[in-house]
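Residues in the sequence shown are numbered consecutively from 0, following numbering that gives the first Met the number 0.
Cβ coordinates follow ideal geometry from the N, Cα and C atoms, glycine included.
Owing to the predicted nature of the structure, the values given are computational and were not obtained by experimental measurement.
Okay, so here's the structure we're looking at.
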Amino acid sequence: MNLNDTMTVKTRNGVSRPRYRPTWAEVDLKAIEYNYKQVRRVVGKLTKVMAVVKANAYGHGTVEVSGVLERLGVDYLGVATTDEAVRLRDYGVRAPILILGSVLPSEVSSAIEKGITLTLCSDDLLDAIRRETAAGLRAKVHIKIDTGMGRIGIWHEEALNFIKNLAQDNFIEIEGIYTHFSSAGRDDFFTNYQIEAFEKLLAQLDGFDIRIPLAHAANSIATVNFKRSRLNLVRPGLIIYGMYPKHTFPKLIKLKPALSLKTRVVYIKDTPPGRSISYGRTHITEIDTKIATLPIGYADGYARNLSNKAEVLVRGRRARVVGRVTMDQTMIDVGHIKGVEIGDEVVLIGRQGRDEIRAEKLARLAGTIAYETVSLISNRVPRVYKP
Ligand SMILES: *Cc1c(COP(=O)(O)O)cnc(C)c1O
């Protein structure tokens with residue numbers, strides 16, 4: 000059984016709720032649909048979309064998110080690992096799936112068997128694929144080119160020979176070729192250099208009559224803001240979930256955040272001045288106040304770096320996190336908010352009343368990026384889905 004299913008209960012109208020623990024992540028699948036359609040609108044009909052659903056769909060739930068995207072006719076799904084790809088297939092997802100990472104030879108047979116597309120960028124992996132396809136199976140691959148990311152990928156200057164050799168192979172279908180930007184949105188000069196190196200390689204292949212159907216490079220930032228990099232397929236992740244990769248982006252594309260992180264007050268006590276709160280005594284009360292305890296901590300993905308920095312929403316108002324965030328519990332000062340009671344809903348990411356706490360903002364407070372903030376929401380947090 001899916002771990003998430005043991006932590007949630009389905010109510011009659013198909014909505015789920017957390018079973019025991021009053022801490023949950025609410026995922027609005029309509030927002031995913033909205034964001035996907037916004038991406039489609041931005042790139043137009045002729046450009047295919049590979050939605051990136053790695054890392055449990057950035058914490059949103061790979062299976063559920065992929066189900067929605069598949070229904071909307073997404074052209075491709077991108078994952079990081081063989082596990083993630085196999086899980087989708089086992090749940091009945093039939094859309095094409097590309098593993099964006101480089102896998103070990105031992106993973107090749109399962110991937111081929113399940114019709115999963117592999118990223119190919121080394122001789123070792125090529126040998127392993129050839130061994131598998133010797134039995135008559137066909138493998139589908141996308142070749143990864145390194146134009147300046149310095150991660151996996153064949154250096155662009157060396158790629159032509161690698162591909163020429165491969166193009167002879169009848170059992171390996173080169174369906175795609177791609178590269179990845181290291182500084183899209185931050186360094187236009189370098190991003191242009193990367194796309195030029197990639198385009199040059201594509202032109203060389205063309206000269207040798209090597210036609211590869213799919214060529215792709217654009218992550219979220221480039222999808223929206225670097226038209227030339229769209230080629231015939233884009234690979235957005237973050238914007239599918241409704242988060243902005245740059246603060247200038249709301250002008251370019253309208254998105255709806257899909258994930259809210261919520262909990263409930265489980266304990267409140269009157270606290271006189273001079274009391275220290277949590278490990279290390281980093282907060283000392285100054286006046287008579289009320290300190291509420293929330294059943295969420297860094298083991299749930301609520302970063303310890305948010306200690307004494309973040310705010311949450313209670314009764315439509317902001318309350319500050321006081322003292323260190325601990326593994327399982329976090330304290331907030333609610334002295335200024337009238338009538339706070341045990342069981343009150345608390346929003347850590349998302350909307351309450353007219354106010355909103357965005358994942359991008361929380362990430363900045365924790366000294367990181369929204370990608371990390373949402374993808375670190377742990378397995379201990381049940382996901383509930385708004386259909
Ligand atoms: C994660 C990833 C993406 C998606 O990046 P976003 O910035 O979330 O759009 C695209 N391509 C590759 C290779 C990735 O690893």
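What would DSSP say about residue 178, mapped onto helix, strand or coil? Your numbering for residue 178 matches position 179 in the sequence shown. Three-state DSSP puts residue 178 in coil, outside helix and strand.
Element boundaries [alpha helix (DSSP H), containing residue 206]: As a working mapping, residue 206 is identified with position 207 in the sequence shown. First-last of the alpha helix (DSSP H) with residue 206: 187-206.
Option nearest residue 217 by Cα separation, candidates 17, 211 and 176: Counting from 1 along the sequence shown, the entry for residue 217 is found at position 218. Comparing Cα positions, the closest option is 176.
Going by alpha carbons, who is nearest to residue 409 out of 109, 139, 124 and 119? Nothing about residue 409 can be read from this structure; the chain reaches only from 0 to 386.
To the nearest angstrom, how far is the alpha carbon of residue 347 from that of residue 372? On the sequence shown, residue 347 is found 348 positions in, with the first residue counted as 1. On the sequence shown, residue 372 is found 373 positions in, with the first residue counted as 1. About 12 Å.
Per DSSP, which one or two residues make a beta bridge with residue 351? Within the sequence shown, the letter at position 352 stands for residue 351. According to DSSP, residue 351 bridges with 354.
Hey, could you find the ends of the alpha helix (DSSP H) residue 369 is sitting in? Along the sequence shown, read from residue 1 onward, the residue named residue 369 stands at position 370. Residues 369-374.
Residue 183 to residue 283, Cα distance in whole Å? Mapped onto the sequence shown, residue 183 falls at position 184. Mapped onto the sequence shown, residue 283 falls at position 284. Between residue 183 and residue 283, the C-alpha separation is close to 43 Å.
State the start and end residues of the unbroken beta strand (DSSP E) segment that holds residue 266. Stepping through the sequence shown from its first residue, residue 266 is reached at position 267. First-last of the beta strand (DSSP E) with residue 266: 266-270.
So, residue 362 versus residue 368, is the Cβ gap smaller than 7 Å? Within the sequence shown, the letter at position 363 stands for residue 362. Within the sequence shown, the letter at position 369 stands for residue 368. Result yes, Cβ atoms of residue 362 and residue 368 sit closer than 7 Å.
Jot down the residue ranges of each uninterrupted alpha helix (DSSP H) in the segment 71-159, minimum 4 residues, whole runs only, in chain order. 81-89, 107-112 and 122-132
Might you give, ordered along the chain, the residues of its own chain that have their beta carbon closer than 8 Å to the beta carbon of residue 299, omitting 5 neighbours on each side? Along the sequence shown, one-based indexing puts residue 299 at 300. So the list reads 22, 327, 376, 377, 379 and 380, once near-sequence residues are dropped.
Consult DSSP for residue 67 and reduce its assignment to one of helix, strand or coil. The residue given as residue 67 occupies position 68 in the sequence shown. The answer is helix: DSSP assigns residue 67 an H, G or I state.
Exposure label - residue 60; buried when at least 16 CB within 10 Å: Your numbering for residue 60 matches position 61 in the sequence shown. The residue is buried, with at least 16 neighbouring Cβ atoms inside 10 Å.
Rounded to a whole number of angstroms, what is the C-alpha to C-alpha distance between residue 305 and residue 42? Against the sequence shown, residue 305 aligns to sequence position 306. Against the sequence shown, residue 42 aligns to sequence position 43. Their Cα atoms are separated by approximately 37 Å.
Residues bridged to residue 282 [DSSP beta-bridge criterion]: Here residue 282 is taken as the residue at index 283 of the sequence shown, counted from 1. Residue 282 pairs with 276.
In chain order, each beta strand (DSSP E) run of at least 3 residues that lies wholly inside the segment 23-65: 47-51
Relative to ligand 1, what is the chain-ordered list of residues with a Cβ closer than 5 Å to any of its non-hydrogen atoms? 51, 99, 179, 218, 219, 234, 235, 236 and 237
Neighbourhood of residue 163 by C-beta, 8 Å cutoff - its chain only, sequence neighbours within 5 removed: The residue labelled residue 163 in the question sits at position 164 within the sequence shown. So the qualifying residues of the chain are 207 and 209.
With which residues is residue 173 paired in a DSSP beta bridge? Walking along the sequence shown from the start, residue 173 turns up at place 174. Looking at the DSSP assignment, residue 173 forms a beta bridge with 140.
Note down the Cα distance separating residue 205 from residue 186, rounded to an integer number of angstroms. Along the sequence shown, one-based indexing puts residue 205 at 206. Along the sequence shown, one-based indexing puts residue 186 at 187. Their backbone Cα atoms lie some 29 Å apart in a straight line.
Check whether the segment 226-242 and the segment 7-24 touch, using three or more Cβ-Cβ pairs below 8 Å as the test. no
Who are the near neighbours of residue 344 in its chain, counting only those whose CB is closer than 7 Å to its CB and skipping five residues on each side? Taking the sequence shown and counting its residues from 1, the one referred to as residue 344 is at position 345. Cβ within range, chain order: 261 and 263.
Residues of its chain near residue 342, where Cβ-Cβ distance is below 7 Å and the 5 sequence neighbours each way are ignored: Within the sequence shown, numbered from 1, the residue matching residue 342 stands at position 343. Around residue 342: 263 and 264.
Check the DSSP bridge columns for residue 292 and list the partner residues they point to. Taking the sequence shown and counting its residues from 1, one reaches residue 292 at position 293. BP columns for residue 292 point to 266 and 330.
Roughly how many whole angstroms lie between the Cα atoms of residue 90 and residue 63? If you number the sequence shown from 1, residue 90 lands on position 91. If you number the sequence shown from 1, residue 63 lands on position 64. Taking the straight line joining both Cα atoms gives about 10 Å.
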